[in-house]
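In this note's numbering, the protein residues as written are 1 to 93.
Glycine included, each C-beta is placed from N, C-alpha and C at the ideal position.
First comes the structure, then the notes that go with it.
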Amino acid sequence: MAILLPIQYYNLPAGVGKSYYENLSGGANASVTVNNTGDFPVSLVITRVNAPVVTYIVPANSSLSIAASLVLVFALLANQGGAASGTIEVALL
Numbered sequence: 001m002a003i004l005l006p007i008q009y010y011n012l013p014a015g016v017g018k019s020y021y022e023n024l025s026g027g028a029n030a031s032v033t034v035n036n037t038g039d040f041p042v043s044l045v046i047t048r049v050n051a052p053v054v055t056y057i058v059p060a061n062s063s064l065s066i067a068a069s070l071v072l073v074f075a076l077l078a079n080q081g082g083a084a085s086g087t088i089e090v091a092l093l
C-alpha cells in the first residue's frame, strides 16, 4: 500500500534549491509528481542509494511524475532565468 505524503507548495527564487523529501537511513521506493505552474523551468533532482544523481527539467506550465527505488532525496532547483513555483507530491511505495 502506498503512503501519500501531504502536497507541498514551492516558490523558489532564481538559482535556489530546496529538498522536499529525505530518507537518509537507506532510502525508500517512492514516486514524485512535480507541477510547475510558473513561467520558468524547475529541475527535479533525485539522489538514490548507490546510483548517480539524476536531474529532470520540468518546463514551465507542465508536470512530471516519476517513480524510483531506494530514493534518498527529492529536491527542486530553480534555474538562473527566474523564479519557479508550483506543487510537489511524494508517495512512498
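Determine which residues share a DSSP beta bridge with Val54 and list them.
-> Ile46
Run of the beta strand (DSSP E) containing Asn11, from where it starts to where it stops | 8-12
Is it the case that the Cβ atoms of Ala75 and Gly38 are separated by a distance below 8 Å?
-> no
Endpoints, the beta strand (DSSP E) within which Phe74 is located | 62-78
Do three or more CB pairs link the stretch 73-90 to the stretch 36-53 at distances below 8 Å?
-> yes
Taking buried to mean at least 16 other C-beta atoms within 10 Å of its own C-beta, is Asn35 buried or exposed?
-> buried
At least 3 beta-carbon pairs within less than 8 Å: the stretch 53-69 vs the stretch 9-25 = no
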